[in-house]
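Student: Quick one: the structure is below, and I'll ask about it shortly.
Protein chains: 4
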Amino acid sequence: MIKVAVMGASGYTGVELLRLLLGHPQVEVTCVTARQNAGEPVAALFPSLLGRTDLVCEAVEPEAVAARAELIFTALPHQTAQEVIPPLLQAGRRVIDLSADYRLRQPALYESWYGRHGSPQLLAEAAYGLPELFRERISGARLVANPGCYPTSVALALAPLVKHGLIDLSSLVIDSKSGTSGAGRGAKVGSLFCEVNEGFKAYSVASHRHTPEIEQTLGDLAGEEVTVTFTPHLLPVNRGILSTCYASLRQPGDTGQLLALYRDFYRDEPFVRLHPAGSLPNIAYVRGSNFCDLGVTVDPRTGRVIAIAAIDNLIKGAAGQAVQNFNLLCGFPETTGLAAMPVYP
Amino acid sequence: MIKVAVMGASGYTGVELLRLLLGHPQVEVTCVTARQNAGEPVAALFPSLLGRTDLVCEAVEPEAVAARAELIFTALPHQTAQEVIPPLLQAGRRVIDLSADYRLRQPALYESWYGRHGSPQLLAEAAYGLPELFRERISGARLVANPGCYPTSVALALAPLVKHGLIDLSSLVIDSKSGTSGAGRGAKVGSLFCEVNEGFKAYSVASHRHTPEIEQTLGDLAGEEVTVTFTPHLLPVNRGILSTCYASLRQPGDTGQLLALYRDFYRDEPFVRLHPAGSLPNIAYVRGSNFCDLGVTVDPRTGRVIAIAAIDNLIKGAAGQAVQNFNLLCGFPETTGLAAMPVYP
Amino acid sequence: MIKVAVMGASGYTGVELLRLLLGHPQVEVTCVTARQNAGEPVAALFPSLLGRTDLVCEAVEPEAVAARAELIFTALPHQTAQEVIPPLLQAGRRVIDLSADYRLRQPALYESWYGRHGSPQLLAEAAYGLPELFRERISGARLVANPGCYPTSVALALAPLVKHGLIDLSSLVIDSKSGTSGAGRGAKVGSLFCEVNEGFKAYSVASHRHTPEIEQTLGDLAGEEVTVTFTPHLLPVNRGILSTCYASLRQPGDTGQLLALYRDFYRDEPFVRLHPAGSLPNIAYVRGSNFCDLGVTVDPRTGRVIAIAAIDNLIKGAAGQAVQNFNLLCGFPETTGLAAMPVYP
Amino acid sequence: MIKVAVMGASGYTGVELLRLLLGHPQVEVTCVTARQNAGEPVAALFPSLLGRTDLVCEAVEPEAVAARAELIFTALPHQTAQEVIPPLLQAGRRVIDLSADYRLRQPALYESWYGRHGSPQLLAEAAYGLPELFRERISGARLVANPGCYPTSVALALAPLVKHGLIDLSSLVIDSKSGTSGAGRGAKVGSLFCEVNEGFKAYSVASHRHTPEIEQTLGDLAGEEVTVTFTPHLLPVNRGILSTCYASLRQPGDTGQLLALYRDFYRDEPFVRLHPAGSLPNIAYVRGSNFCDLGVTVDPRTGRVIAIAAIDNLIKGAAGQAVQNFNLLCGFPETTGLAAMPVYP
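Residue numbers (our numbering), protein chains in the order written: chain A, 123 to 467; chain B, 123 to 467; chain C, 123 to 467; chain D, 123 to 467.
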């Protein structure tokens, strides 16, 4: 049993992480921090966990956390995570960070999209935790930067095309739609039921912070710089991201050829499922699971490929992927604690 | 590993049963029938199961099913279940029936609410599969009648009060609200998204078929006949039932006393969770789990008790309870394959 | 054209009131207050009104408002409304108050449910603004207390039964379900999309503040004191209240007789619609309109009547009823500005 | 008062048309056909209209309809509309057709996307009923082809850019999302609440029948052939379409310049609202109204423009636009009967 702590457990990512870790056969959760709810039992904060845990939220410092856990999951807001992670590492602990703080390798890029960084020297060291694409770097890391939800869906949707040089990289248009849990559990008017329900909108058009993260990953795969147009939208559902990605094919191709390519690319991946021709991903088919479902279609009239990915943003887009990275770090089979099938309907 | 079959897998109860059984460590699903989808892979019918099963829907007869499975789950419409179950039993198989066909013990009662019954002689034999209340009869049964979703929630909400004779049985008013999966996967205008979403209504007022089932169970607990007013409503959610039950207390009492009584009554039940004073059940807290959450409040101004139960209608209200009964029949710990925590949000 | 002001326009009731008043042929809205949004154009706060109004939110005092409007709608929180209304009345203005501050006639009752009252002497004077039941008192009033959303639905559902003495008043159980706009536009975790969507719960069991208001109205109709059990629930929809009301009939009766009684009782009411036998109200059928839809069923097995009312909580339960009262005060036909048909689906 | 008939009133477009026409001050609805519901009162089929109409569905033939109405709205499925429209025109009646049957001018194009056409000679005569772009041709027409919902949103989003030659026409990518009422009121498993709710998917990728209609309109505006990639998605909401349109600018430009261009282009249009910089359309802000809300943003990093349109698919995307065309045909102000403000929340 590995002793782990969760710092920042009062949000949707935090509670989902707790749910997965409490059900993980190799994990003992020894410490949960949530400053504003310190003293409150986790099961009072989240009655979904009633009867399944006696953990109580604490307000302790990183040093105290490090003394009680071998590995720490940080589910804190960006800018806050970077304050607690250096002391955790210094105490010899490994960290899986679910914030955006260590995802971008270049300090200048981080600063232009997020603001000042307190430990830029760690950026180059952190392993970007997308196992399907960067498994090897992750295994030995002491700091894993768990990817953003949108970037996870986009990278998995496009990796085979980019890696094989099949698309015009300047033609990439990414239209993503996310469930509302992605906006967090903060009390904001814009996240109220009546504002979101029966509504749909784009937001942060041409300015969303996941843009450089998407470009960094695609650039790594392409071996050259990539610039994309990325538009997120807010869906009136709790969970799920569907990303519809458009690119021009460099050579004519058909749907069957690309499906074969994808099937080969993800042959051994337990969490990537490719929809056969005539079937398409739906966030309803991945809800509650760590799956990323993919669909690929060529539009012969325009020579474009439309690659679609669906994930549960709180699982493959956050907590589940963090557990997958945890399994990698600890040498457990990657699916340990992540075998739950999608909850449909 | 127990070889099991699922007859009638094309509905929401069927697919939920498959999901649970495919994840059950002691089960091998050897046969799935769905007459109208015969020949179709289960994962094509339900892409949520993509990559997790190669089972194909079949149209075989009960005899052929009995030859391939030790125990059969029947998730067929009432009136249809009673056609396939007698031959299954005759072939020496045990059956857990999720239809209404064997829930009412008295043939005349069945006929007045559902119509003619083809094997009324089995009604007295069938064990009513509500483990928390009738565990002993279930263990040795060859035919288990899995309870209806509404009756499960109502029986668990009221059992401590009825069993202890604390309420005026003539005062029972039960106001229940169910998610739309309870209406099944049939293509009906009334179940269309646009008809249900942003809507809410009562239906089958004073005439719902679960009424006699509720009365039978409460009557068994009370040791006398019980008649109730039961009103179901349709909720614009996929899953969940919340039943709000009203009754007049025979003697003055307060919330604390009743909570203590409930805590004692359900002390050893792994799937019943009692909300402490000041907290109330919400279907969101049980979604995806086999839990039944209870809340009890006394209204001192009127002398009534309000007992509230929340379940996931497809799990504790159907497929999960069936697996719980299966565990009882097979001597497995009752929670085997049912440990999933609620998926929130 | 009557010059009117709306005080407290930043909530859901406020914006609905503005929508109705901007479309009212006899109204000119001259002043809108919303302290925290002072200086902001109404159409920036509520883009649904883009292009339809140039009004700007103001932070002015009651005296300034009184100088610019003949009649003022106050859509402020309770306890706040009572601070601005006395000066408005003193300036000779008529007021329609959408808060709870002047609904209860007895100061002690108000104080036990809401807290201290700053102008208890006005309680007896205020007219309770439920036109279908108290039309005459409203017409001449200078202060109208616009009813609560739940009490409106319950009073209209039960009035014919209570007025005709047909039910045992001690048997009243009222199970109500409200859309989330009833919880207001405040940024609270409990009103977040992910907390409400796919959820359903009871709240304020045996303690909701609309209880004494319901009892006051039913008591007025009965001519004696009435005590009820009232349980509100939170529905995952934007708009709508459905109240399911249970009572024991004093004499045996059938559905047809009661439908005839209701038809007669509401014969000339433009906003009350009675569903014929076999049809039941649904909040989806009243959305966007000032209608109150009613359904009545007798349960012959228990001798209870189940009376159901559906309204749009923001219209007949708040802003629409306020406009109906406005029409009464001004001598306009009661349906002026309220003719919109329900928006379905 | 103009006597009008509605043929095919049992679907969502039909009932919305009835709602608008019953509230139109210059209209008398004299005949409603719905073959499968013949004999049924409209208000029984759609209880939202209870108390507002005594019309009864009929199964009469076009000749009988023509005898009772001056102008006929046909809300029939494509392929069916083309059977009833020629006799209506022959009887000297004007027709506004809400099906797809007369939208495409070229018979070969219609046949390749929809199948055989029974009256191809009328295709050239029919006026495409998008008033903001083709007002003049509509006024004098005897047959108006009311545009598709997706094409309406896309054409209004892109018209200023295309008309002014500002974008590379080969770069057009259109990602649209529609509420479920767009799928009609037919009883299909794919439209069930539990299939749509909490789900989101693309469908008809690279093959949706609205593609040629979009291309025809943009081609008319551009004066050259246009080919687009168009991907529709299904939103879990009742009403609303949001189309996110991407194109590469031919010359560098900024958001401010394009907003000015749009403002000028739609200066006198009562139903087009342009969101100012920093604000974006949301289907929630147009629900229940005939508005088309637009937002325009330039992505300076990629040189693309993102133009977004939001409409209520049943109003501006169907019934409302039909009434707008009706007003044009009859010489009424275009906003007659269409003044309703959006119903928010």
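Backbone N, C-alpha and C define an ideal beta-carbon position, used for all residues, glycine too.
By the DSSP assignment, the beta strand (DSSP E) with S365(D) in it spans what residues?
Tutor: Residues 363-370.
Student: Since V350(A) and I363(A) are thought to touch, with beta carbons under 8 Å apart, how far apart are those beta carbons, to the nearest angstrom?
Tutor: Actually they do not touch by this definition, with Cβ atoms about 16 Å apart.
Student: Cβ atoms of P273(A) and C332(A): under 8 Å apart, would you say?
Tutor: In the sequence as presented, Cys is not what sits at residue 332(A); that position holds His. Yes. Within cutoff.
Student: Within 10 angstroms of its Cβ, does R215(C) collect 16 or more other Cβ (buried), or is it exposed?
Tutor: Result: buried.
Student: Give the DSSP-derived three-state secondary structure of V327(C) in the structure shown.
Tutor: Note: V327(C) maps to coil in three-state DSSP.
Student: Please list, in chain order, all residues of the same chain as D290(C) whose beta carbon is under 7 Å from its beta carbon, the five residues on each side excluded.
Tutor: For D290(C), where only same-chain residues beyond five positions count, the Cβ hits under 7 Å are A369, S370, R372.
Student: Are the beta-carbon atoms belonging to V266(C) and N404(C) less than 8 Å from one another?
Tutor: In this structure, N404(C) does not lie closer than 8 Å to V266(C) by Cβ.
Student: Would you kindly report the start and end of the unbroken alpha helix (DSSP H) that includes H146(C)?
Tutor: Careful: H146(C) lies outside any alpha helix (DSSP H) and carries neither H nor E.
Student: Do the region 198-214 of chain D and the region 162-179 of chain D meet, that is, are 3 or more Cβ pairs less than 8 Å apart?
Tutor: No, the region 198-214 of chain D does not touch the region 162-179 of chain D.
Student: Based on DSSP bridge pairs, tell me the residues matched to T351(D).
Tutor: Looking at the DSSP assignment, T351(D) forms a beta bridge with V295(D).
Student: Output needed for E320(B): all residues of its chain with C-beta closer than 7 Å, excluding positions within five of it in sequence on either side, in chain order.
Tutor: The residues are P358.
Student: Which runs of the beta strand (DSSP E) at least 3 residues long sit entirely within the region 168-250 of chain A? Give them in chain order.
Tutor: Listed in chain order, the complete beta strand (DSSP E) runs (minimum 3 residues) inside the region 168-250 of chain A are 193-196, 216-219.
Student: Along the chain, where does the alpha helix (DSSP H) containing K285(A) start, and where does it finish?
Tutor: Taken as a continuous stretch (DSSP letters only), the alpha helix (DSSP H) holding K285(A) covers 271-285.
Student: Determine which residues share a DSSP beta bridge with R395(A) and list them.
Tutor: Answer by DSSP bridge pairing, in chain order: D415(A).
Student: Answer yes or no: do E456(A) and P253(A) have a C-beta to C-beta separation smaller than 8 Å?
Tutor: Closer than 8 Å, so yes.
Student: Helix, strand or coil for D421(C) per DSSP?
Tutor: Residue state, collapsed to three classes: strand.
Student: Residues of chain D with CB under 7 Å from R174(C), in chain order?
Tutor: What R174(C) touches in chain D: M463.
Student: Mind checking whether S275(C) and I433(C) have CB atoms under 8 Å apart?
Tutor: Yes, these two residues count as a Cβ contact at 8 Å.
Student: Just to confirm before moving on: does the CB-CB distance between V420(A) and L143(A) stay below 8 Å?
Tutor: Cβ distance not < 8 Å, so V420(A) and L143(A) don't count as in contact.
Student: Just the Cα atoms here: how many angstroms apart are G345(A) and D390(A)?
Tutor: Taking the straight line from one Cα to the other gives about 24 Å.
Student: Is any heavy atom in the ligand NAP found nearer than 7 Å to the beta carbon of S303(A)?
Tutor: For the structure depicted, the ligand NAP is absent and the ligand set is empty, with no information on it obtainable.
Student: Based on the DSSP secondary-structure assignment, which residues constitute the bridge partners of C452(B)?
Tutor: DSSP, once it has assigned bridges, lists no residue as partnering C452(B).
Student: Taking only the alpha-carbon atoms, compute the straight-line gap between T155(C) and L381(C) and give it to the nearest angstrom.
Tutor: Approximately 45 Å between the Cα atoms of the pair.
Student: Taking the alpha carbon of L177(C) as the reference point, which residue from I207(C), E185(C), L140(C), A189(C) has its own alpha carbon closest?
Tutor: Measuring from the Cα of L177(C), the nearest candidate turns out to be L140(C).
Student: Is there at least one Cβ from chain E nearer than 8 Å to V311(D)'s Cβ?
Tutor: The chain inventory of the structure shown lacks chain E, comprising the protein chains A, B, C and D.
Student: Answer yes or no: does any C-beta atom of chain C fall closer than 8 Å to that of Y466(A)?
Tutor: It does not; no Cβ of chain C falls within 8 Å.
Student: For L265(A), report the span of its beta strand (DSSP E) as first-last.
Tutor: Start and end: 265-267.
Student: Look at the alpha carbon of A246(A) and the alpha carbon of V394(D), and state the distance between them as a whole number of angstroms.
Tutor: Whole-angstrom Cα-Cα distance: 50 Å.
Student: Which two residues bound the contiguous alpha helix (DSSP H) that contains I260(C)?
Tutor: Residues 253-261.
Student: Is the Cβ-Cβ distance between Y134(B) and S326(B) less than 8 Å?
Tutor: No, the Cβ-Cβ distance between Y134(B) and S326(B) is not below 8 Å.
Student: What separation, rounded to the nearest whole angstrom, lies between the Cα atoms of G136(C) and Y407(D)?
Tutor: Cα to Cα, the separation comes out at about 16 Å.
Student: Which residues in the same chain as V418(D) place their Cβ atom closer than 7 Å to its Cβ, once the five residues preceding and following it in sequence are excluded?
Tutor: The answer, listed in chain order, is T377, L380, L381, Y384, V427, A429.
Student: Run through DSSP, which three-state label would T458(C) get?
Tutor: Residue state, collapsed to three classes: coil.
Student: Using the beta-carbon count (16 or more within 10 Å), is H286(B) buried or exposed?
Tutor: It counts as exposed.
Student: By Cβ distance below 7 Å, which residues in the same chain neighbour L278(A) in space, the five residues on each side in sequence not counted?
Tutor: Result list for L278(A): E254, V394, C414, L416, A431, in chain order.
Student: Can you tell me which of G130(A), I124(A), P184(A) puts its alpha carbon nearest to the alpha carbon of R307(A)?
Tutor: Nearest C-alpha to R307(A): G130(A).
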